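Undergrad: Protein chains in written order, with this note's numbering: chain A, 106 to 281; chain B, 106 to 281; chain C, 106 to 281; chain D, 106 to 281. The beta-carbon is built from N, C-alpha and C at its ideal position, and this holds for glycine as well. What you are looking at is a predicted structure, and each value in this text was computed from that prediction instead of being measured.
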DNA sequence: CATGAATGAGTATTCATTCAT
DNA sequence: AATGAATGAATACTCATTCAT
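1) Among the residues of its own chain, which have a CB less than 6 Å from the CB of residue 181 of chain A, if the five just before and after it don't count?
2) Is residue 111 of chain C helix, strand or coil by DSSP?
3) Considering just the uninterrupted stretch of the alpha helix (DSSP H) at residue 148 of chain C, what are its terminal residues?
4) What in chain D is Cβ-close to residue 241 of chain C, meaning under 8 Å?
5) Exposed or buried, what is residue 226 of chain C when buried is set at 16 or more other beta-carbons lying within 10 Å of its beta-carbon?
6) Ignoring anything shorter than 3 residues or poking outside the stretch 204-248 of chain C, list the beta strand (DSSP E) runs there in chain order.
7) Considering only their Cβ atoms, is the gap separating residue 222 of chain B from residue 160 of chain B smaller than 8 Å?
8) Any beta-carbon of chain B closer than 8 Å to the one on residue 269 of chain A?
9) Under DSSP, the alpha helix (DSSP H) around residue 200 of chain C begins and ends at which residues?
10) With the cut-off set at 8 Å, would you say residue 259 of chain D and residue 248 of chain C are in Cβ contact?
11) For residue 144 of chain D and residue 120 of chain A, what's the separation of their Cα atoms in angstroms?
12) Under 8 Å, Cβ to Cβ, is there at least one residue of chain B near residue 124 of chain A?
13) Assuming contact is defined by CB atoms lying nearer than 8 Å, are residue 262 of chain D and residue 188 of chain D in contact in what I supplied?
14) Figure out for me which residue from A:228, A:210, A:279, A:236 has the closest Cα to the Cα of residue 164 of chain A.
15) Would you mind giving the Cβ-Cβ distance between residue 156 of chain B and residue 219 of chain B, rounded to the nearest angstrom? I have them listed as a contact below 8 Å.
16) Which bits of chain C does residue 225 of chain D rub up against, with CB to CB less than 9 Å?
17) What residue does the alpha helix (DSSP H) around residue 271 of chain B start on, and which one ends it?
18) Does DSSP put residue 139 of chain A in a helix, in a strand, or in coil?
19) Reducing DSSP to helix, strand and coil, say where residue 193 of chain C ends up.
20) What residues from chain B crowd round residue 214 of chain A, counting only those whose CB sits closer than 7 Å?
21) Would you mind working out which of D:231, D:198, D:215, D:279 sits nearest residue 122 of chain D, comparing C-alpha positions?
22) Could you list which residues in chain D have their beta carbon closer than 9 Å to that of residue 272 of chain C, in chain order?
23) Taking C-beta to C-beta, are residue 253 of chain D and residue 252 of chain C nearer than 8 Å?
24) Please list the partners that residue 134 of chain D has in chain C, where partner means a Cβ-to-Cβ separation under 8 Å.
25) Suppose you measure from the CA of residue 235 of chain B to the CA of residue 136 of chain A; what does that come to, to the nearest Å?
26) Who are the near neighbours of residue 111 of chain B in its chain, counting only those whose CB is closer than 6 Å to its CB and skipping five residues on each side?
27) What three-state label does DSSP hand residue 183 of chain C in the structure shown?
28) Identify, in the order they occur along the chain, each residue of the same chain with its Cβ nearer than 7 Å to the Cβ of residue 195 of chain A, setting aside the five sequence neighbours on each side.
29) If you draw a straight line from the alpha carbon of residue 109 of chain C to that of residue 246 of chain C, how long is it in whole angstroms?
30) Would you call the CB atoms of residue 124 of chain B and residue 211 of chain B closer than 8 Å?
31) Whole angstroms is fine: what's the gap from residue 106 of chain A's alpha carbon to residue 139 of chain A's?
32) Alpha carbon to alpha carbon, how far is residue 193 of chain C from residue 233 of chain C? Give it in angstroms, no decimals.
Set out below in structure tokens:
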């Protein structure tokens, strides 16, 4: 694995596990086994590293979510599969909530660069729901599902339990 | 206003506006106009200040929410009033999401003291919904409403807009 | 026990156990169960408390040492009894070296007030040895014994063992 | 002189002159003319700086002591030369006792890392005496001489005078 | 392209002491 | 005589970033 990739992977892991502010540059370079100046060569600032982390994981998440729902046929099945995808994600022992929402709580709200990136990713989820619901002409439900999606993510972290995902799924079944 | 109150008010304002980690003790004492050692006389550590902030604002929020819904009669009206309360809260120019969920994203997951406080507050909301729904024997809906409640809070912050609260309200109307 | 005495006893215990610099005024007042201003009423500064501690324990030590050697008749017996007294003192589980020599290592050498107090106490020991040796006209040995006395104290602390006191006693037997 | 050396030299000088606890990191960096973070790059904590100081000065002291006694032939001459070495050391205007014994009085007794380092250095002196005395089969005297060695160091500091070293030397002459 | 020593501004916390009540 | 809140200066330590090699 090359230097840049090693830095990014390490940063991604640590940012998610410990939070962005709590992860120091020194820990990243130590665990990635690179020199300090190498990191700054590839990422001019810690924020650039954050932005790249958000972009990459955002794309990866959407990609695997799309791959997962592709296995299902009807819109309702696809929608429910989205929440099963979530359940699988939450069951990981290293589950620590949504990387985007976590970062949102850590960066100052003046930071439009990062905040718009977060919005962009969330809008992708909204669009994905709309896409799924289009065949049955229920696009108007997409934002309601998106709310339940984020709710499931955030509250399962707070309560350290799976019940919120089951609750969200129950509501979804009623709605669609 | 006495010293302790001035410290707590200032800390509450800054923790909410900038986040807990991004707010230094130095800024708190400067804006509260107290000496550093005075702060530590009242709050042995920054974490104690955080805990007091969460406890106080949690109690205040629940109190004013209860006062707000008391004006309504039927369970459905009460439930919808909860989301109107939220809308009013979100409309503040200084709105910055839910203080509890923000802190949850900032403190390490080892910090059981703080995390249990957050869970406790959220369980208060769940219990409040159950209480409202009891007369019409729909307590089973309480967690679904709670999810929409937190969803409205978190996503309206991310998108810096009121639409999530309207969306959540729409779902609630369907459910109850 | 009255306030002043309670303060002094607590300070004495803590200064000896933890060192002078490592013992804060706050710990003293807390463990002595007195108000901060009460301490400053009785002892205008921490240094005054130190001086009183040294004076009192110095007097007490000399008194009990004199009481111990009074039981013995011949000069040689008395001298050896001095080292047995030391052994008993060192055997205490709370043994932490010589309170005077410990303080000597902690206060800056500009502090003549404290340093002269330490010298004064040590000169008392030298004089006591001379007194013991006078009947057999061996006063000239007094400083040699005093050196072995302090050596036994300091090295038994460093090595956390009793062998230095036995070694010192062996030398003393040869000398007298 | 490079940074690390400048830090260590300054710390050594200040630790010896003022004591370990009374010397702040800020004073060290100011007098060494380095940035705070530079110090922490080289020495992860103040205690690491202390340990390095003790190790280096311990080695240097033993080396120059060995060099000094190498000039003498008979065991008795060598032993007496040890105390002359001490006299030379004590005559320095900046004499402030034994750096090891000073530190021993300052660090809490839980600090085994530092305390074992001190014991190790002192055991080196004991071994050196045994080594000198071996040719005349008087190794059994080594601990007695070691006690007088430490006694000379400590009491000459307390009394700010050379007489203790002469007294110790006198006893040594009788013993060997 | 990679290195790691150096930096200045920051962090939370503790100190002995004072002062109004 | 006793109280305890308030203080300013100090403590050890960490941060993201720069720069000469």
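TA: In short, the structure shows the following:
1) 281
2) helix
3) That residue, residue 148 of chain C, is in no alpha helix (DSSP H); it is neither H nor E in DSSP.
4) Within 8 Å Cβ-Cβ: nothing; residue 241 of chain C doesn't reach chain D, min ~17 Å.
5) Per the 10 Å Cβ criterion, buried.
6) Listed in chain order, there is nothing to give.
7) yes
8) Interface with chain B (8 Å Cβ-Cβ cutoff): residue 269 of chain A is included.
9) Unbroken run through residue 200 of chain C: none, as it is neither H nor E.
10) no
11) 28 Å
12) yes
13) Taking a C-beta distance under 8 Å as the contact criterion, residue 262 of chain D and residue 188 of chain D do not qualify as a contact pair.
14) A:228
15) 7 Å
16) Residues of chain C passing the Cβ test: none, with the nearest at roughly 11 Å.
17) 268-280
18) coil
19) helix
20) 201
21) D:198
22) One finds 248, 249, 251, 252 in chain D with Cβ atoms closer than 9 Å to the Cβ of residue 272 of chain C, taken in chain order.
23) Yes. Within cutoff.
24) What residue 134 of chain D touches in chain C: nothing, since even the nearest Cβ is about 20 Å away.
25) 48 Å
26) The beta carbon of residue 111 of chain B lies closer than 6 Å to those of 137 in the same chain, with the five residues before and after it left out.
27) Assigned with DSSP and collapsed to three states, residue 183 of chain C falls in helix.
28) Contacts found: 261, 267, 270.
29) Taking the straight line joining both Cα atoms gives about 41 Å.
30) yes
31) Here the alpha carbon of residue 106 of chain A sits roughly 12 Å from the alpha carbon of residue 139 of chain A.
32) 19 Å
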